[in-house]
Every structure is written in C-alpha cells, then in structure tokens.
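Chemist: Let me begin by handing over the structure; questions about it come next.
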Amino acid sequence: MDVYSFFIQLLNGLQYGLLLFLVASGLTLIFGIMGIINLAHGSFYMIGAYMAFSLSTLTGSLFVAIIVGIVLSVVLGVALEWALFSHLYKRDHLEQVLLTYGLILVFEELRSLIVGNDVHGVAVPAIFNWSVPLTETLSYPVYRLFMSAVCVVLAVLLYLLMAKTRIGMMIRAGSSNREMVQSLGLNINLVYRLVFALGVALAAFAGMLAAPVSSVYPGMGTGVLIICFVVVVIGGIGSIWGALVASLLIGLADTFGKVLIPQAAGVTVYVLMAAILLWRPEGLFRRI
Amino acid sequence: QGKLKVGLMLPYTGTYAALGNAITNGFKLAVAENGGKVAGRDIDYFTVDDESDPAKAPENANKLIKRDQVDVLVGTVHSGVALAMAKVARDNNTLLIIPNAGADDITGPLCAANIFRTSFSNSQPGIAMGKVMAEQKKKTAVTLTWDYAAGKESVGGFKEAFEAGGGKVVKELFLPFPQVEFQSYLTEIAALKPDVVYVFFAGGGAVKFVKDYAAAGLPKTIPLVGPGFLTDGTLEAQGEAAQGLLTTLHYGDGLKNPKNDAFRAAYTKAYKIEPDVYAVQGYDAAQLLIVGMNAVKGDVSKRAEMVKAMEGAKLDSPRGSLALSKGHNPIHDIYLRKVEGKENKVVGVAVKNLTDPPRGCKL
Amino acid sequence: MIHAPERQDRRKAIALAAALLLLALFPFAGAAFYTELVTKVMILAIFALSLDVLVGYTGLVSFGHAAYYGVGAYALGLLAPPYEAANLWLTLPVAVGAAALAALFVGAFVVRVKGIYFIMVTLAFAQMFYFVFHDTRFGRGSDGISMNFKPVAAIGGFTPFDLANAVHVYYFVFAALVLVFVFLRVLLRSPFGRALQGIRSNEHRMRSLGYPVYWYKLASFTVAGALAGLAGYLSALQFGFVNPELLSWHQSGNVLLMLILGGVGSLYGAVAGAFAFVALQELFSSLTTHWQLLLGGTIILLVIFLPGGLASIAGRFKRTLVGEPDDE
Amino acid sequence: MSESMLEARELHTYYGASHVLHGVNFRIDRGQTVGLMGRNGMGKSTLIRSMLGLVKPRHGEVRVCGTDMTGAEPYLIARQGIAYVPEGRGIFPNLTVHENLVMAARAGPDGRREWTQERVLATFPRLAERLGNGGWQLSGGEQQMLTIGRALMTNPDLLILDEATEGLAPQIAKEIWRIVGEIRAHGIATVIVDKNYAAVTAIANRNVILVKGRVVFDGDSASLLAQPELLHRHLGV
Amino acid sequence: MSDVVLATLGLSRRFGGLMAVSGVAIELHRGRLHAVLGPNGAGKTTLINLLSGDLAATAGNIRYRGEDITRCSADRRSRIGIGRSYQKTNIFPAFTAFENCRLAAQSRAPRPFAVFTDAARHRPVREAAERALDAAGLAARGGSVASALSHGEQRQLEIAMVLATAPEVLLLDEPLAGMGAEEAQRMVGLLRTLAPKHAILLVEHDMDAVFAVADVITVMVNGQVLESGAPAQIRASPAVRRAYLGEADE
Ligand SMILES: Nc1ncnc2c1ncn2[C@@H]1O[C@H](COP(=O)(O)OP(=O)(O)OP(=O)(O)O)[C@@H](O)[C@H]1O
Ligand SMILES: Nc1ncnc2c1ncn2[C@@H]1O[C@H](COP(=O)(O)OP(=O)(O)OP(=O)(O)O)[C@@H](O)[C@H]1O
Ligand SMILES: [Mg+2]
Ligand SMILES: [Mg+2]
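Residue numbers (the working numbering), protein chains in the order written: chain A, 1 to 288; chain B, 289 to 651; chain C, 652 to 979; chain D, 980 to 1216; chain E, 1217 to 1466.
The following block contains the structure:
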C-alpha cells in the first residue's frame, strides 16, 4: 500500500468509526448510564433511516425530514418509556433483554407491513452533493465529511451533558438508586423518560444522517446493533469517551483488516475486542 | 383423482418477501390461464414461509412433504434454503421445481431426476457479461462480491468467460456477507485502475454499492458492470448513480415478444402491479409442471414419464424460449441491459441460448 | 398446611411420570412429522436446560449461548466425511468436548465481568464464533455444510440403533434429555450447585466466605457450554445440515425466551419453555405470515405481565381465587 | 397551635403477605423533634418509608402539611420540604462527593438557602478533603456524613434521620446532635431513629416507641425517662 | 511469641494521592480481642480489607501463622481461617437466613466442589449453620428471607455468617452498628465467649462496648497507628482524646 492509499484508508476508517460512534453513543447512554439493556436500539436506527426516506420524499428536504424525524422519535421514545421501559427499571437484565428482543421483532414486522421490504435510497442534500477529488480516479463525498463533523460535535455535547450538568448527575444517580433520587424531591421518572427519548432520538438521528450513504433496507438495524455492542464492550460501558475511542478503533481495524487480511475481514474487530478484553476485562474506559 | 397438492415454500417475510410474492403470483397466473386446473385436477396450495433461513429449511420442507404430503414442491429464492430443500426432496423423492435460487450445485453435482429449475444458475449472467466485456476489448478487470456461494459463482462465471475472451481479472475482492461498508474497497479499486469492475450484490448492498461507487467518482474512469440483480428492483433507490450501468440477465424491460406482451398485460390486470423477472420465473415453474402433468394425464405416480416430458419441454416463456439442460437447468438467452431512467432497457442479446457447463452432474 | 409441600411433591412426581410416559409413547402415534418436531423440541429443551445452569442458577445472563450450540453442531458438520458416515461414538464426544473448550476459552474472559457488560461480552464473543464459521475458509462460509450421511452408532461391528431412522433418533434424543435432566438435577442440589446459587445472589460475599468464585463460574460456564454443544450436535444429527445461523444471536435470544417462558431457575421450566416456544411458533406461523409480530408482542406482554413465566400462572390464579395469604 | 408537618393515621403496611404496621398513628408538628424507638425489626423504618411514599401502605392515610398525600409519588412528598437520611446510607456511589451534594441542592419550601455546599463542608471537614472522590471510595462514616450533608442541602422543614449516627465516630455523632439542636432553633422539625436512646431523649420533645408495628408509647422525654420499666421492656435497656 | 496468629509489618495501601493505610504493624493473638479505633476515614476498614484480601497491599506484608499471605486471594485466606464481617451489610438477599449460614458453613466442608451429593443432607454443615444463627440471636428467624429482615436483623445475620465459617481469626467491621441496645449487649456477650479461642480484630465506634470487651486497643488516625495499648492506657491518652474520643468526653 502506498502512502497515498494509506491516508485515504485512514480517512475511511475514521469516517466509518465516527458514524459508528453516533449510534453507539445513544446505546452507551441507555445501557451504561440508565442501566437498561436495550437491544431495540438498532431498530431505532432503522426507524430513523426509514423516516428519513419517507419524510424526505414527502417534504423534499432531508433537513426538514431530520427535524420532523427527531420530534417523532422523541415522541416514540417517550411513549415507549411510558408504556414499556418504565416497568423494567426494577427488573433484572434478563427481562430487559427479552422485552427489547420482542421489540425488535415487532418493529421489523411493522416496518415490513407499513413500508414493505424494498430497498430505498435517500438523496444527499444538494449543498453536500459533491466530492473532493483525492486522486485522479478517486474522490471523496463531502456528505461523509459533513457527517463526521456532526458526530464530533455531538460527542462533545453529550459529554458535557452527562458530566457537567445536573441532569447528567441525576441520570447517573438514578441508575444506582432511584428511590433515593426521589427522596431528594427529584422526579426521576420524568428525567428517565426524557433521557430514554434522547437515546432513541440519537439512534434515529444516526439512522437519518446515515440514510443517504447507507441507503435504507430491511434488517439494517441489527447489523448496526451488533457492531455497536462491540463498540460499547471495547469502550467500557457508560463511557462516552470510551465509545468514541472504541468506534474509531473499530473503524480502523475494519478498514485495514479488509485491505490487509481480506481472508479474515469479518473477524478482525472481534479479535481486536478479545485482545482488549484480555488486557482490560471491563473495557478501555469505565464510566465517565 | 383428487386435488393436486402443491407446496409453495417461499419467503413471505424478510428481505426476499417481495420475491416470494412475485413468484407466487406468477405461478398462480399460469395455472389460472390453464383454466385453474392442471391436467384436469384442481390444485390445493400449501404455503410455508421459509424466512430465507437455511437452518429452518429441512424442517419446513419436511412439514410440506411429511405432514401435508404434497405432490410437488415449489421453492425457493435463497440458495442455501434451496440446497437444503433439494436434499430433502432427494431423500423423499419428491418433485421439486426451483423458481429462483441460482446455486450452481443444484443442477451440478446435486442434480437429480426429480429436481428442476426454471430460473437461472448464478454463473450464467456472469458468463454472459464476461463475454461482452471481452468483446468490448477490455483488458483488465477487478471483481468484488460478498464472500458466499452466489457471489463466488457469479464472479467465477465472469472470470471464466472474460479470460477465455482474452481479458485478465487482476484482483478478486471479497467482503463478508452482508457487510456494506465499501469505502476501503473503493480505495483499493481506485489504486488498481482496471478497465472494468464486475460486482455481484443484491438488495440493499446493491443500492449502497452503486451509490458509493458513483460518490467516489469512479464511474468516470472505470465502468461498473454486473449481473441483473445489481439493478433489478433497486433503481428507485439508486437513482442517478445507476444511470447507464450495463447488466446481464435473462429478462429485462422493454423485451418485445408476443408472449411477454400477453403475460405483462395479464399480470398487471390480475395483480395491479408490473411483473418482474421473479414473476416470470414463477410463471415458468407452473408452465413446466403443466407440461409434465399433461404428459401423464394428471397421474403423478408415473414419475419417470413425467420427468421425461419435463426434460423435453420447450416452454414459451415471457423471457423468450426456455429449454432445459441435462442437469435440468434453463437454456435461455441472456440479455444485455442498460439502465435508463427507472428501467433496465434491453439493448441486445449478450449470449444466445446460453447453457452453462453441467459440472459434476451424473444424470 | 404442614403437608402441603409433600402433597405438592407427589403431584409433581405424578405429572413428571405422566409426561415421561407420554413422550416415551409419542412415536407410536405414527405422525412422522410430529415425531420429528418433538425430537427438535427435546433438543431445544436440552439447550434451554444448559442455559438455565448459567442464567437461572449462576446468575450469568449469557446472550451468546448459541455459540456453543453451534460449535457442537459444526463439530459434526466438519468431522463428517463427505462420502461416508461418521461414527457417533467418535464424533459426539469430540463435539461436546469442542463446545466445552470453546466455552472454557470464552468463559476465561467473560466470567470476570458482570451485569449488562457480561451480556454484551458474551454476545460479542458469540458473534466472533459466528463470523469464524461465516467468513473463514475453516468454517466453510455463510452457506453452511450439508451432510450427506447420518452418523452411524456402530460399536465394533454392532449397531444398536439406526440414526437414519427418525424414530430411533427420537429415542436417542429422548434418552439424552432424560440423562441431562437427571444430571443437572443432581448437580444443582450438590454443594457445588448451591455454591453457584450463592454466586448468583452475592458473588462478593461468596468470595469472602472462601469460595474460589472464578473457578466456580468458569466450571458452570463450561458445563453449560458442553451441554449446549450436545444439543447442537443432536440438532446437526437430526437435520444433516449446519450453517452459521445456528450461532446467530437470534438463536441465543430464542433460548433465553424459552427460559423465561417456562420460568427461570427451574429445570422443569426450561423443558416446558422449549415446548411452549415451539408451540407458540407453530401456532403463530399457522395464523399469519407476520407471525413474528405476534411472537414479539407476546414476548413483550409476557415480560410485563408475567415475569415468572408460564409456571407462575398457577400461583397467580390461586391467589386471585383465594386472595393474598395473610399471616394472621 | 402547632401545625402538623407529617402525619400517619391508622397506617397498615404489608410486605407481600407479612403485616408489618398495625394501625400506627404518628404525628410530627412543625419545629418538633421526635424520637422514634423500638427494637430491631419493630417497624420504625417501615413507618418512615410508608410516610414518605417509598412503600405503599395498604390502609390508612398519610398527610403532609395537612393535605392527604397517601400513595403520592415520593418526590412530591419530598418537595414539601422533607429530607430523608435512610438507614444503611443512600449515597450515589457513581457520583463524586461534590456531585452528590450539588444534585440535591435546592431552596427550602419558603425559598430559604441556609445550607449550602460551603456550610456542609464546613460542618464535615472530612468531606471537603474528599470532594473529588467517587462515592464508592468513601469510608462508611464519610458516606454517612455525605448522606446527612446531602439531606441538609435540600433545606428541609423536616429532617428524618434513620440511624444517622451509625458508623460515625463519637465526635462526629456529637456533632450531629449539635446540628439537630441548632436546626431546631431555626424551627426545623426532626424525626430521629437511633439506638442511642440517651442522646435521643436528651434532645427530643416527644418520643414514640414501636413494638411489632404498634405504638406502645407516645409522650415527652421526661415521662419516658420516668418509666424505666418501659425502656427495659421495649428497648432492652 | 507462639500465640501470634496474624501479624502485619509496614502494611500500606495507597489510593491515588491518599495513604489510606500507611506502615501499620499490628499483631493479633489467639485469645485476645484487639479493638481498632479511629475517626471516620482513618483507614480501619481498609486495614480489614487488606487483611482479608479484599484489597491488595501496596507495601508491607501480612503473616498468618508464620506464613506470608500478602499475595493470597481473598477466598484462600478465608479458607485457611480468616473470616470477616462487613461494615456495609453483605448477605445473600434472596436466601433464607438459614441458607445464608448454611452456605457459609459449607465452604468449610471437606469437598466444596462435590458434585454428586445432596447439599441439604450434610449434617455437620447444617448444624454449624444452626449454631451460628443461634449465637447471633437469629434462631427464630432462620426461615425468613434475608432481604425481608430489618436492618438490625441483617446486621445480626452478617455476624452469624462469619461465625458459621468457624474461622480462627475474626475481623469484625462495626458489628454493633445498626443493632438495638439489647442486641448490642448480646453481641458483646458473644464476643466475650469467642475471645478465648479466637484472635479477634474489632472495629467499632461504640465506646462502651469496646472498653467492655477489648484486651488491646489500637487507635488509628490518617492511616497510621497513633497509639496502641491496654484500654486504660488508651482512655487516659491525651492524644487519643484529642483525635478521637473528643475533648469533653468523660
Ligand atoms: N423489604 C421487606 N420485605 C419483607 N419484609 C420486610 C422488608 N423490610 C422489612 N421487613 C420486615 O418488616 C419488619 C419491620 O422492619 P423495619 O425495617 O421497619 O424495622 P426497624 O424497626 O426499622 O428495625 P431496625 O432497627 O433493625 O432497622 C421486620 O420484621 C422485617 O423483617
Ligand atoms: N477505593 C478507594 N479509593 C479511594 N479512596 C478510598 C477508597 N477506599 C477508601 N478510601 C479512602 O480511604 C480512607 C480510609 O477509608 P476506610 O474505609 O478505611 O475508613 P474507616 O477507618 O473504615 O472509616 P469509617 O469509620 O468511616 O468506616 C477514607 O478517607 C476513604 O475515603
Ligand atoms: Mg430500621
Ligand atoms: Mg469503616
């Protein structure tokens, strides 16, 4: 590999990693900080992508679609929390796994009933619909760069929210002792409802943002979910920074794995994971 | 003679649900055109959703064969499931007609007297495209596909024909199924600068690849080609990025022949949607069954006679003419198609009466 | 009141005997398809039992248990020579051993961590195995392996039963299920089993009471893996086909579902859960092609309204009829 | 006449099938200090938790500042100006000392902000040294101080201390009693559960003794101390 | 001296910049009850954690009956006879009080890895558990699920579990905390009966109890030993009064 391709591959890896981060951050928020295991997270990503498709066809603009989509996903998040997840905080993880597993099936079937099983594309917004030439044959789509920038901004915002605000403290406190938070006169139920909705919105947002480059297809949620699991496992549960570092690592491992050892491309990230767990059983970072 | 029991084992949920439905529609249309009967017998359909899950395939096939005791089994889309079905059908000596799955092995080493296919084999479109590219005097090619049987067979067909015509495949790239993160491969392709890139993807992967390929600015210098699945049913999603792509398949839009015109009219009338290649394959599956049944006057116990009639069948298919090879695989024209707007316009015949070499079939 | 538990025990014993008899006579009903279906259910029951050791008794919620099921199945797939039959007595121990080894390897990593993290790490490792079979030449790829012959049970020149015969397979699996059940029953009542339950309740205290917790957990993980491998082997034997989906996380999810259907932490529950799961699946898929929607909805309702699984229905029913028992 | 802060009327509480409180009447008025006593397992904590909405009583009524709040969400009850120091500590282990305090900070129902982080740290200098440490890293006594400090940060009208001096060094325990005296001077009511009955009776206006979920004594300290046989029979001293 | 059971030398533990325990030398004798006092955060619990193996020492060593156990795991230490209780209740919430103790006693049974016997049938283990419950005053509550016990009862159970493991060395971290006056008295009585045959380290803030049972007292401040000696000497020490008991104490 010449230096030039090396740098382009590096860029590929980072960009892929940042996209992973966007999904994984919502996951680590709900998993690690709220203490709920939510397998349906991938479905929210899928729902986001399908919303981007339907809404942008309807409104003609991806940005309008994203704004409407965020509102809708917050509503969805609040409704789900109210109807289902609020019953789960006191239950054990096994039941959380199953309930959210059931949700995956439901969402996947509903998707097939409502929008069918076709693959759809979403147009890249006109202002980003151009590419920067890198070599005489290869150019890089600007939209991908834009996505990466959005991811970085979100990472910083999320970190600030969790680590520096009272809301963040309340969320973390709630994951260790809900009763006590209530006894302090704080409405933890409301906070959790909103945080859950935030997590859903993050996943859906990731789906919407990624829709133009990933296209929209059945089963897209589960693929993302699994790799995000690996991100959270490597990064350490509940850590935003951990998720960021792990996403980038996986992005790079995956990209270079495909180029350098194509025979084992599917397993490179898992080997990476095993190696990291051997060194740090609880992931790279634990908590914020 | 009671009703003829037909088991339809097809995907009705999941990624391939649309294909399963189209095949079913096509099959039933042919039966309806035959007066709703086959050799005078009414039909009892038994449907099972195979979910495109090979792990459930043996059980699902058993359900139809042992529980429902069907006379003939029709299915399916997914090659892995079809392979498992073929095995069960062989073990139980049940007549099986495959309306889509392209795994070469089914009509190769695994071929059997009771197993027929009315669709295609994976290598066929590849062979045709390889030949066309060689004729266009392309010297070098790179191939890319998912690392699974269908992809490898398709690429294999391309490579064989392309290199036979004097070209050279400089690199064969594979990525794990069903990953869709292509960026690093695009970088690799840009570095290799071949004359043409042949890929096999379907569904979501096909959409994403075509778009990524265009976004990377590659089509300007390196043309992209592939089997028809690259652009079938995905043009809506691929939009601009797919314009002008060349693909090969045994069917296409704007194909002109009387049978096709009639078929399209009838199908649209019956189901209110446009037919696609899968509907054609389902339609032909029923046509083939009708030929066999007529030869034995509806008496399925005369299996040998029935098989003989089916082997000799010359079907008037919407795709043109359709005959069967020794391995019970279609012999048909493969068309060269070009994407124009939302259509895969047939621009010519890539190979006439293509029959792929029946490797390993002991029939 | 004093006699209630005894009476309950007697009732349980009668129910158990009836269930055994029913299963033993089932193939004589002559419905070939259902014989095979029940065979499959019994295999799943072994699988569910093996997971119950972890989830119900050691408190390790593994979301990657399908990996060992798959390893057991693949062991047969890979060992089976293409043009002749494999020997049951050679391949079975190898399959169980391979699954145990895989579990030992993964367990060495994962039993060090807890809670959600454990769930995720087990899943991630299961995915690793999935991709080993899915993406490498060794595992022969995503299309799976189909075996042309059933293994033979020959010992020397003597072949006690014929595994190409579905009824023989049925009894073979039935015997395996009974053996596994009895084995676990004894195991979980032993001091070792009690220690596992202690670990489930409070691992830290177990350590300070002098139990080498790590090794207990690892032993439990390995035993569970080995039994899952046995189930996987039997499934490969029954269907003559293996593919990576055997190791997929849906499979892991389904077996967890069986546990919760039957009630976690009870061996009867695990077996009942397997039956209930397949029954639900058959029922729903006969109703509509969108049966996954029904299944998903059922799971959700079950988790919210019936946390104790089907086993708790009787108790609840009694309570609504008789009312809350008061201690006064 | 004094106004009631928190009141339980004929409270019956169950844990599943076991009946723990049998018709308890309990009342604390604004500015009062009440000692709640009884042996282990008599229902002291259950009474407190029932009044705070953390356990739902099956019969009876809970009134907060005169309004019926039976079965209300705990946070609504707490917002009436009630702070709770639970037995066995209830710090947030995954938050730092500073965060534990900050997240609780709130003005009292009347807008008072007498207790600030500075004041809490001045009261418990040990906490000031551990400000950036995670809650899980604190010693038992430090956790106890943190719980009390955190309760004070809500500037309550009523402070409920369930075994608040457990694990505190004698010096610090004394400091707690001093604080109770001091806040009483500011009109803040306190409910104290503590095994050190001498310290409690010294400071409380009223004492209530629970036996097996029933009130067997309700009166002022002087009359309790005048009946040593009561103390012996019900508290074992 | 032959009756030294457990001895430490220069034992230290650092948490970041904080020396929670620093250079502690302490000797536990069979037949002697050794109390450790100190203000909150002095390092008492950390010391117990170091002795029991819950924490690893950053410096110094621990010898048990002449053998260096500084690097031994917590479970190994428990098996060779060092038992501990926790300041923060640490029990099996889902099990009955009896089963809590039975599990504790089982860890001493000859073959804890035994796989093919019925645990509940093991007489000696059962009896040990019953004895321990009785000693801690919980005999009547053996059948109650631990999580349903009141706070004070859970504290009693905490002690019962240590007793059930029949250790030679008892490390007790505030055993009286949370117990009512009567239960505390009973516990003091229990400590007295245990003392002759065991080596006991007692961390406790209840001064009455400590001065009633202790043979030796060590006072820790800021991780270091401030003073060590007989109860009378400690009570009289001005340094101890200043640092711990409080100026105005009797
Ligand atoms: N969560 C629970 N589930 C079932 N029973 C409980 C629960 N909590 C307490 N109990 C029972 O209720 C009774 C009263 O308990 P409570 O905690 O109120 O006692 P207490 O007076 O506070 O005792 P202590 O001084 O030991 O804290 C006890 O017998 C206890 O066993
Ligand atoms: N894991 C830890 N990380 C950082 N600091 C710690 C950790 N554990 C304890 N400490 C600190 O070490 C010091 C000693 O703690 P320790 O628990 O030993 O005190 P203690 O003497 O038992 O006090 P108490 O009487 O309050 O229980 C305390 O200041 C505590 O904050
Ligand atoms: Mg209490
Ligand atoms: Mg301490």
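Glycine included, each C-beta is placed from N, C-alpha and C at the ideal position.
1. Distance check for C:T939 and C:A775, CA to CA, integer angstroms please.
2. According to DSSP, simplified to helix, strand and coil, what is C:Q943?
3. Which runs of the alpha helix (DSSP H), 4 residues or longer, sit entirely within the region 810-847 of chain C?
4. With a CB to CB cut of under 8 Å and the five nearest residues on each side skipped, what residues in its chain are close to D:L1147?
5. Hey, out of A:T57, A:I250 and A:I276, whose CA is closest to A:C228's CA?
6. Between A:S112 and chain B, is any beta-carbon pair separated by less than 8 Å?
7. How would you list, in chain order, the residues of chain D whose beta-carbon sits under 8 Å from the beta-carbon of E:L1461?
8. Anything in chain C within Cβ reach of A:A243, meaning under 7 Å, just list it in chain order.
9. Between C:A750 and C:V722, which are expected to be in contact by the criterion C-beta below 8 Å, what is the C-beta distance as a whole number of angstroms?
10. Taking the straight line between their C-alpha atoms, what separation do you get for A:Q96 and C:G766?
11. Rounded to the nearest angstrom, what separates C:A870 and C:L918 at their Cα positions?
12. Looking at C-alpha atoms only, which residue of B:T535, B:E441 and B:L292 is the closest neighbour of B:P645?
13. Counting Cβ pairs closer than 8 Å, one from the region 637-651 of chain B and one from the region 660-669 of chain C, do we hit at least three?
14. Mind checking whether the beta-carbon of E:N1256 lies closer than 7 Å to any heavy atom of ligand 1?
15. Going along chain C, which residues have a C-beta under 8 Å from B:P342?
16. Kindly list, in the order they appear in chain E, the residues whose Cβ is closer than 9 Å to that of D:V1159.
17. Residues of chain A with a CB under 9 Å from the CB of C:M857: which are they?
18. Which residues in chain A have a C-beta closer than 9 Å to the C-beta of C:G924? List them in chain order.
19. How big is the Cα-Cα spacing for C:G636 and C:G728?
20. Answer with yes or no whether the minimum CB distance from B:K293 to chain C is below 8 Å.
21. Just checking my contact of B:T312 with B:L298 at CB under 8 Å: how many whole Å lie between their CB atoms?
22. Applying a beta-carbon distance threshold of less than 8 Å, which residues of chain E neighbour D:M1124?
23. Please go through the same chain and pick out, in chain order, the residues whose beta-carbon is closer than 7 Å to the beta-carbon of E:D1219, but skip the five residues on each side of it.
24. Taking a cut-off of 7 Å, which residues have a beta-carbon closer than that to any heavy atom of ligand 4, in chain order?
25. Cα separation between C:M652 and E:E1399?
26. Going by alpha carbons, who is nearest to C:A746 out of C:A718, C:P733 and C:G758?
27. Taking only runs that begin and end inside the region 257-282 of chain A, name each unbroken alpha helix (DSSP H) of 4 or more residues, in chain order.
28. Please list, in chain order, the chain C residues whose beta carbon lies closer than 9 Å to that of E:R1287.
29. Taking only heavy atoms of ligand 1 into account, decide whether any of them is closer than 7 Å to the Cβ of D:Y994.
30. Note down the Cα distance separating A:I288 from A:I66, rounded to an integer number of angstroms.
31. Rounding to the nearest angstrom, what Cα-Cα distance links E:G1358 and E:T1312 in this structure?
32. C:I806 touches chain A at which residues, Cβ-Cβ below 7 Å?
33. Against chain A, with Cβ distances strictly below 8 Å, would D:L1210 count as a contact?
34. One question on the structure: do D:G1014 and D:T1180 come within less than 8 Å of each other, judged by their Cβ atoms?
35. Hey, is D:A1083's beta-carbon within less than 8 Å of any beta-carbon in chain A?
36. Would B:V634 and B:G491 qualify as a contact pair, given that the criterion is a beta-carbon distance under 8 Å?
Modeler: On the basis of the data shown:
1. Mapped onto the third sequence, residue 775 of chain C falls at position 124. Mapped onto the third sequence, residue 939 of chain C falls at position 288. Each residue's alpha carbon lies about 33 Å from the other.
2. Here the question's residue 943 of chain C lines up with position 292 in the third sequence. Looking at C:Q943 - three-state DSSP - the assignment turns out to be helix.
3. 817-840
4. Locating residue 1147 of chain D in the fourth sequence gives position 168, where the first residue counts as 1. If we look at D:L1147 and ignore the five residues flanking it on each side, its Cβ neighbours are G1120, Q1123, M1124 and I1155.
5. The count along the first sequence starts at 1 and reaches residue 228 of chain A at position 228. For the residues A:T57, A:I250 and A:I276, the minimum Cα distance to A:C228 belongs to A:I250.
6. If you number the first sequence from 1, residue 112 of chain A lands on position 112. By this cut-off, A:S112 is an interface position.
7. Working through the fifth sequence from its first residue, we reach residue 1461 of chain E at position 245. Near E:L1461 (Cβ distances below 8 Å), the residues of chain D are P1149 and Q1150.
8. Working through the first sequence from its first residue, we reach residue 243 of chain A at position 243. Ordered by position in chain C, no residue passes the 7 Å Cβ test against A:A243, which lies about 12 Å from the chain.
9. Taking the third sequence and counting its residues from 1, one reaches residue 750 of chain C at position 99. Taking the third sequence and counting its residues from 1, one reaches residue 722 of chain C at position 71. Correct: roughly 5 Å between the Cβ atoms.
10. Along the first sequence, one-based indexing puts residue 96 of chain A at 96. Along the third sequence, one-based indexing puts residue 766 of chain C at 115. Between A:Q96 and C:G766, the C-alpha separation is close to 12 Å.
11. Residue numbering aside, residue 870 of chain C sits at position 219 when the third sequence is read from its first letter. Residue numbering aside, residue 918 of chain C sits at position 267 when the third sequence is read from its first letter. Going from the Cα of C:A870 to the Cα of C:L918 covers about 19 Å.
12. For the purposes of this step, residue 645 of chain B is taken as the residue at position 357 of the second sequence. Selected option, being the one with the closest Cα: B:E441.
13. no
14. For the purposes of this step, residue 1256 of chain E is identified with residue 40 of the fifth sequence, where counting begins at 1. False, no ligand heavy atom lies under 7 Å from that Cβ.
15. Taking the first residue of the second sequence as 1, we reach residue 342 of chain B at position 54. Under the 8 Å cutoff, chain C gives D794, G795, F892, N894 and E896.
16. Along the fourth sequence, read from residue 1 onward, the residue named residue 1159 of chain D stands at position 180. What D:V1159 touches in chain E: nothing, since even the nearest Cβ is about 17 Å away.
17. Position 206 of the third sequence, counting from 1, holds the residue named residue 857 of chain C. None at all; the shortest Cβ gap to chain A is about 18 Å.
18. Translated into positions along the third sequence, residue 924 of chain C becomes position 273. Chain order gives no chain A residues near C:G924, where near means a beta carbon separation below 9 Å; the closest approach is about 12 Å.
19. Because chain C here runs from 652 to 979, residue 636 of chain C falls outside it and cannot be looked at.
20. For this step, residue 293 of chain B is matched to residue 5 along the second sequence. Answer no: the Cβ-Cβ gap between B:K293 and chain C never drops below 8 Å.
21. In the second sequence, counting from the first residue as 1, residue 312 of chain B sits at position 24. In the second sequence, counting from the first residue as 1, residue 298 of chain B sits at position 10. Sure, about 6 Å apart at Cβ, within 8 Å.
22. Here the question's residue 1124 of chain D lines up with position 145 in the fourth sequence. Going along chain E in sequence order, the residues near D:M1124 (Cβ under 8 Å) are N1256.
23. To locate residue 1219 of chain E, count along the fifth sequence from 1; it is residue 3. If we look at E:D1219 and ignore the five residues flanking it on each side, its Cβ neighbours are H1245, R1246 and G1247.
24. D:S1118, D:G1119, D:G1120, D:G1146, E:K1260, E:T1261, E:Q1303, E:D1389, E:E1390 and E:V1419
25. Translated into the one-based positions of the third sequence, residue 652 of chain C becomes position 1. Translated into the one-based positions of the fifth sequence, residue 1399 of chain E becomes position 183. Since pLDDT at C:M652 reaches only 34, below the 50 mark, its modelled position is unreliable, and the value read off the structure follows with that caveat. Here the alpha carbons of E:E1399 and C:M652 stand approximately 33 Å from one another.
26. Reading the third sequence from its first residue, position 95 is the one you call residue 746 of chain C. Residue C:A718 is the option with its Cα nearest to C:A746.
27. 268-279
28. The sequence position of residue 1287 of chain E within the fifth sequence is 71, counting from 1. In chain order: nothing, as chain C lies at least about 15 Å away.
29. On the fourth sequence, position 15 is the one that residue 994 of chain D refers to. Yes, ligand 1 has a heavy atom inside 7 Å of this Cβ.
30. What you label residue 288 of chain A is simply residue 288 of the first sequence in a count that begins at 1. What you label residue 66 of chain A is simply residue 66 of the first sequence in a count that begins at 1. The pLDDT assigned to A:I288 is 41, lower than 50, so where the model puts this residue is not dependable, and the model offers no usable value.
31. Position 142 of the fifth sequence, counted from the first residue, corresponds to residue 1358 of chain E. Position 96 of the fifth sequence, counted from the first residue, corresponds to residue 1312 of chain E. C-alpha separation (whole angstroms): 6 Å.
32. Reading the third sequence from its first residue, position 155 is the one you call residue 806 of chain C. None at all; the shortest Cβ gap to chain A is about 39 Å.
33. By 1-based counting over the fourth sequence, the position of residue 1210 of chain D is 231. With 8 Å as the cut-off, D:L1210 does not count as an interface residue toward chain A.
34. Taking the fourth sequence and counting its residues from 1, one reaches residue 1014 of chain D at position 35. Taking the fourth sequence and counting its residues from 1, one reaches residue 1180 of chain D at position 201. Result yes, Cβ atoms of D:G1014 and D:T1180 sit closer than 8 Å.
35. Working through the fourth sequence from its first residue, we reach residue 1083 of chain D at position 104. Taking Cβ atoms only, chain A reaches closer than 8 Å to D:A1083, which makes this a yes.
36. In the second sequence, residue 634 of chain B corresponds to position 346, counting from 1. In the second sequence, residue 491 of chain B corresponds to position 203, counting from 1. No; because the gap between Cβ atoms is not below 8 Å, this pair is not in contact.
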